[in-house]
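Everything below concerns the one structure shown next.
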Amino acid sequence: MPEKDRAHIGARIAEERIRAHLTQRGLAKRAHVSLSILSKVESGNRPASPALVAACARALGIESSTLIGQPYTEELRVERFEAPLAAIRASLENWDIALDEAVPPRSLAEIKADVNHLGGLRRSAAYLDVATKAPALIDELVEASHRYDGPEQERAHRYLAYTYRCVHDVAHKLGHIDLGNTILARMSYSAERSDDPYMVMLTAYLRAQSCFNTGRHEVGLRLMRRSLDEVEEAASAGEVSALCVQGNLRLRSTMLAARSQDSAQAAAEWTEAKETADRLGRDTQNYVLSFGPTNTAIHQVAMHVELGNYGEAVRSARDVCFSREFNETYPDRVGHHFIDLSRAQFWTGDRSGAETSLHKARKAAPQQARFHPHARETVLALRRAERQTSETLSNLAHWMGL
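Residue numbers for the sequence shown follow this note's numbering, beginning at 61 and rising by one.
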């Protein structure tokens with residue numbers, strides 16, 4: 061199939077279905093999805109939802125990223141990601157060996173400043189900057205973890221685990237799933253040696269993220285439940301870090317349940333997350349996972365989108381209000397919200413609103429918008445739906461490489 065004909069997810073589903081010698085009816089039955097919806101998705105008359113993609117991928121015995129079309133190789137080459145990604149892979153080769161001939165690491169106080177800066181880049185969805193800066197920082201922290209001992213060694217592992225967390229975002233968002241899994245293994249190694257239970261929970265939180273790709277949502281939910289049990293005591297005592305972790309674990313549970321199309325569980329998980337946000341009382345930037353009322357409101361919109369309740373998603377979005385501080389601190393969350401909202405607006409017939417939301421997503425976090433599969437899918441759907449594509453939409457499609 062020519063590459064231009066494979067631009068939308070439905071075309072790739074059709075290609076993989078034919079390769080597996082299945083009819084549309086056969087795949088719909090095996091994936092437990094509507095034949096009518098599958099037919100519309102394959103023809104390009106309806107954007108593919110994440111739930112449908114996951115169901116089809118699992119039925120076909122492949123990963124969701126294959127159907128999504130990630131990684132977008134040509135776009136990554138244009139943006140000069142190849143060398144930084146290669147450097148990340150090289151940095152992951154060593155995690156347990158001291159290199160005596162290596163340059164001595166700086167003090168942990170100096171390194172901490174760079175780790176915090178990397179975290180800011182991650183929240184801005186500045187994928188290329190994170191990928192460029194992280195490899196040297198990983199090498200330095202690995203060496204520090206061997207040269208120090210006691211509390212200083214634990215501190216080095218804590219910084220290293222968080223650095224891996226930042227790099228995992230890049231790998232996962234760009235569709236390098238295998239690289240992301242390797243990063244998680246390295247993160248787990250350091251988290252377990254950091255004497256920080258929240259770093260261990262953060263690893264589980266990210267591991268559950270990979271369940272979206274494989275469709276094993278039940279595994280992700282079990283992971284979240286185990287971590288929620290572990291954080292319960294500290295959260296009940298009102299510890300801020302524990303409340304931030306608890307809230308995020310519940311929000312991830314919300315999205316896993318929604319992706320499974322379990323609306324009752326998704327709503328229950330979100331309600332518990334809101335209770336945690338109400339206890340916290342404010343948007344809080346935390347060293348492990350930031351959390352608060354705004355992020356909870358964002359996830360209510362995302363939950364409804366995943367469940368196909370597009371009208372409710374648009375209504376819920378009216379309750380989302382970004383403060384200037386939130387816009388500046390969490391561009392990735394702002395951008396992701398507008399990508400979700402654009403999908404809901406498209407399905408409620410508000411094509412102009414959908415395009416406007418995509419432009420807002422691009423303004424908030426450009427690299428996230430460019431490489432997000434559902435932003436790209438919505439752009440393609442808008443182009444197919446319009447008799448005459450607007451200049452602004454054409455420019456957006458061209459910028460995405462579509």
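C-beta atoms are modelled at their ideal positions from N, C-alpha and C, and glycine is treated no differently.
Quantities reported herein were computed from a predicted structural model and do not represent experimental measurements.
Asked, Found
"Who does Phe382 pair with in a DSSP beta bridge?", "Partner(s): none; Phe382 has no beta bridge."
"Is the segment 86–102 close to the segment 112–132, with three or more CB pairs under 8 Å?", "yes"
"Could you tell me which residues DSSP pairs with Thr344 in its beta bridges?", "Phe351"
"Which residue marks the beginning of the alpha helix (DSSP H) containing Thr314, and which one marks its end?", "300–319"
"Excluding the 5 residues preceding and the 5 following Ala362 in the sequence, name in chain order all residues of the same chain whose CB lies nearer than 7 Å to its CB.", "Met315, Asp400"
"Do Thr223 and Leu197 have their C-beta atoms closer together than 8 Å?", "yes"
"Relative to the C-alpha of Lys334, which candidate in Val348, Gly352, Arg319, Gln321 has its C-alpha closest?", "Gly352"
"Between Leu283 and Ser250, is the Cβ-Cβ spacing less than 8 Å?", "no"
"Across the segment 257–271 and the segment 164–180, are there enough close Cβ pairs to call them in contact, namely three or more that are closer than 8 Å?", "no"
"I need the DSSP call for Gly280, collapsed to helix, strand or coil.", "helix"
"Is the number of C-beta pairs between the segment 302–309 and the segment 173–192 that are closer than 8 Å three or more?", "no"
"Roughly how many whole angstroms lie between the Cα atoms of Arg422 and Pro391?", "10 Å"
"To the nearest angstrom, report how far apart Lys233 and Ser254 are at their CA atoms.", "26 Å"
"My output table needs one value for Tyr224: the three-state DSSP class, helix, strand or coil.", "helix"
"Between Val380, Ala373, Tyr347, Glu332, which has its C-alpha nearest Asn355's C-alpha?", "Val380"
"So, at 6 Å on beta carbons, what are the nonlocal neighbours of Lys100 in its own chain, with the 5 sequence-adjacent residues on each side left out?", "Arg106"
"Pick from Phe272, Lys420, Ala373, Phe431: whose alpha carbon is nearest that of Trp407?", "Ala373"
"Between which two residues does the alpha helix (DSSP H) containing His434 stretch?", "433–445"
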